[in-house]
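Okay, structure first, notes after.
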Amino acid sequence: MAAEDENIAIAERPKLTKMSDLAKLHIDVAAVTESLKKGIWLYFLLLIFEGALRKWVLPALATPLLIVRDPVAIWIIFTAWRNGFLPSNKYLSAMIFITISGLFTTILVGHRSVPVAIYGLRILLFHFPLIFLIGKIFDREDVLKMGRIVLWIAVPMFFLIALQFYSPQSSFVNKGIGSDSLGGGFSGALGYFRPPGTFSFTTGNVQFFSLVAVFVIYFWLNLEQVNRILLICATVALIAAIPISISRGLLIQVVLSTAFAIASISRTPRLFGRMLVAIIGLFIIVASLSKFSFFENAITVLTTRFDNASQSEGEINDTIFNRIGAGIMESFNDPNLPFFGYGTGMGTNAGARLLKGRSEGFLLAEGEWGRLIGEMGAIFGLAAIFIRMQLSVKMAYEAYIRLKLNNLLPWMMVSVSFQAVAQGQWAQPTALGFGVIMGGLTIAAMRYREVPKA
Numbered sequence: 002m003a004a005e006d007e008n009i010a011i012a013e014r015p016k017l018t019k020m021s022d023l024a025k026l027h028i029d030v031a032a033v034t035e036s037l038k039k040g041i042w043l044y045f046l047l048l049i050f051e052g053a054l055r056k057w058v059l060p061a062l063a064t065p066l067l068i069v070r071d072p073v074a075i076w077i078i079f080t081a082w083r084n085g086f087l088p089s090n091k092y093l094s095a096m097i098f099i100t101i102s103g104l105f106t107t108i109l110v111g112h113r114s115v116p117v118a119i120y121g122l123r124i125l126l127f128h129f130p131l132i133f134l135i136g137k138i139f140d141r142e143d144v145l146k147m148g149r150i151v152l153w154i155a156v157p158m159f160f161l162i163a164l165q166f167y168s169p170q171s172s173f174v175n176k177g178i179g180s181d182s183l184g185g186g187f188s189g190a191l192g193y194f195r196p197p198g199t200f201s202f203t204t205g206n207v208q209f210f211s212l213v214a215v216f217v218i219y220f221w222l223n224l225e226q227v228n229r230i231l232l233i234c235a236t237v238a239l240i241a242a243i244p245i246s247i248s249r250g251l252l253i254q255v256v257l258s259t260a261f262a263i264a265s266i267s268r269t270p271r272l273f274g275r276m277l278v279a280i281i282g283l284f285i286i287v288a289s290l291s292k293f294s295f296f297e298n299a300i301t302v303l304t305t306r307f308d309n310a311s312q313s314e315g316e317i318n319d320t321i322f323n324r325i326g327a328g329i330m331e332s333f334n335d336p337n338l339p340f341f342g343y344g345t346g347m348g349t350n351a352g353a354r355l356l357k358g359r360s361e362g363f364l365l366a367e368g369e370w371g372r373l374i375g376e377m378g379a380i381f382g383l384a385a386i387f388i389r390m391q392l393s394v395k396m397a398y399e400a401y402i403r404l405k406l407n408n409l410l411p412w413m414m415v416s417v418s419f420q421a422v423a424q425g426q427w428a429q430p431t432a433l434g435f436g437v438i439m440g441g442l443t444i445a446a447m448r449y450r451e452v453p454k455a
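Using the numbering used here, the first residue of the sequence shown is number 2, and each one after it goes up by one.
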């Protein structure tokens, strides 16, 4: 297994760039690794609770807390670079080149706003490298540990979104960013709003429970690796959260992760029996939940949401195609699109506020690919899209290979990380954070922990 891992450029082991003279460098590899791990955990926890800080704890600081994870990301990268831990690969090198080039074109021929440009470049310069750094510092055991923590968080998170679902938007639990009295929910159906949980916006809740689904499915197929009572509670929370979220996206993602698990049987036949046990358990949980009125009511709301969305956006398959296919054409439809784009950061809500004094709507494009092309132009924008897409494909390929080695974890992680890395709307800080975490955990799941030699 160790020899297998050494051949993977995106899943390299945590080692110094120069290992020739550790005594001379006075670097404690174990201490630096542990410090970086703590930084990654802090980044993850701030991702989960950033919205809570902005809504309930420190609403007066809601705006600066929007980038509360940025100092952590910068510290992690600086510490890794200073100690020779910073990964080096073609994806990272190419993206840094594109980002720096985009900064120069923004200042020279773009919107010329330095604050907006810096806010835009931080996405690819400070957060994108964390995908590889997490994959280098974390290993499979760290991913499983984070998975168990995710299951623990899922249970109280469900109770919170259920309370938000059934509470008026004027209630404390539904306060918006900066204690906005209009509420933090987003339009759903039948008078109910999509709950955001601890996040700033409902998309954070959807992405969180999408991650929960990955670990719930994985642990059902590997029962010896988790407390079974915790797993059952998290499974109930996940299933109940689907209608409570009023999100088609969450349902689609859970179905997709389930499909990945079923597809893995062709490479890992030993999972077939456990798959049957998981399916039986699922039916029992759904049947039990269906006896509760809160669940039946939420199902009705979700069904209505599906019907309404189908009338306005088309069927699910049409919606998915439009969001993927039309996204890349969104900016090309602009006849005035400059060759080098309008400038980095202009496609973000914060950038729009700095440039225009408002953040309603999108100055460039709603889709991520359209935003990249609108900000950096056809050449650099398409290059950034290609790098992210190529990285997602590479992770999927390497994860598929691991199935033959009886390592299901990276394959399950790909079910959420592929889209989050390739097309996640990184202009939104929460989506950016989940893209980084999901991508990094996918790579880390490929590496087994080394056993110290006696």
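Where a beta carbon is used, it is the ideal one built from N, C-alpha and C, also for glycine.
This one's a predicted model, so the numbers in the text were calculated from it and none came from an experiment.
- DSSP links serine 188 through a beta bridge to Phe194.
- In the same chain as glycine 358, and ignoring 5 residues on each side of it, no C-beta atom comes closer than 6 Å to its own.
- With contacts defined as CB atoms closer than 8 Å, proline 339 and glycine 378 qualify as a contacting pair.
- The three-state secondary structure of glutamine 208, taken from DSSP, is helix.
- If one requires a minimum length of 4 residues, the alpha helix (DSSP H) runs lying completely within the stretch 95–129 are 115–123, in chain order.
- Closest in alpha carbon position to tryptophan 412, among Met347, Gly368 and Thr259, is Thr259.
- By the beta-carbon neighbour count (other beta carbons within 10 angstroms, threshold 16), proline 88 is buried.
- The criterion of a C-beta distance shorter than 8 Å is not satisfied by leucine 131 and glycine 103.
- Along the length of the stretch 137–167, whole alpha helix (DSSP H) runs at least 4 residues long occupy 141–167, reported in chain order.
- Out of Ile266, Ala366 and Phe216, the CA that lies nearest to the CA of valine 417 is found in Phe216.
- Beyond the five residues adjoining it in sequence on each side, leucine 43 comes within less than 7 Å, by CB distance, of Val73 in the same chain, given in chain order.
- For tryptophan 370, the enclosing alpha helix (DSSP H) starts and ends at 369–405.
- Here the stretch 126–141 does not lie against the stretch 257–275, with fewer than 3 beta-carbon pairs under 8 Å apart.
- With a cutoff of 8 Å on beta-carbon distance, methionine 147 and phenylalanine 209 are scored as not near each other.
- Given a length threshold of 4 residues, each whole run of the alpha helix (DSSP H) inside the stretch 205–282 is given here in chain order: 229–246 and 249–264.
- For aspartate 71, the enclosing alpha helix (DSSP H) begins and ends at 71–83.
- Leaving aside the five residues that flank serine 393 on each side, the residues in its chain whose CB is nearer than 6 Å to its CB run, in chain order, Phe419, Val422 and Ala423.
- Glutamate 399 has its alpha-carbon roughly 29 Å from the corresponding atom of arginine 70.
- Taking one beta carbon from each stretch, the stretch 343–357 and the stretch 287–306 have fewer than 3 pairs nearer than 8 Å; the two do not touch.
- In the three-state scheme derived from DSSP, where H, G and I count as helix and E and B as strand, threonine 64 is classed as coil.
- The beta carbons of threonine 100 and alanine 118 sit no closer together than 8 Å.
- Look at the beta carbons and you see the stretch 432–445 not touching the stretch 402–409: under three pairs across the two are nearer than 8 Å.
- Around the C-beta of serine 114, 16 or more other C-beta atoms lie within 10 Å, and the residue is accordingly described as buried.
- Annotation: the continuous alpha helix (DSSP H) that includes methionine 439 extends over 430–445.
- Apart from sequence neighbours up to five positions away, the residues of its chain that approach leucine 191 with a beta-carbon distance below 8 Å are Thr301, Val302 and Thr305, ordered along the chain.
- CA-CA distance, leucine 283 to proline 65, rounds to 42 Å.
- Our two residues, asparagine 228 and isoleucine 41, have alpha carbons roughly 24 Å apart in a direct line.
- For alanine 353 against leucine 364, the beta-carbon gap comes to about 5 Å, under 8 Å, which counts as contact.
- In this structure, DSSP gives methionine 347 a state outside helix and strand, which the three-state scheme calls coil.
- The beta-carbon separation of phenylalanine 159 and alanine 238, rounded to 4 Å, stays under the 8 Å limit for a contact.
- Here DSSP, grouped into helix, strand and coil, assigns threonine 199 to coil.
- According to the DSSP assignment, phenylalanine 45 belongs to the alpha helix (DSSP H) that extends over 30–53.
- Cβ neighbours of isoleucine 162 within its own chain (closer than 7 Å, five residues either side excluded): Pro196, Gly198, Asn206, Ala242, Ile245 and Ser246.
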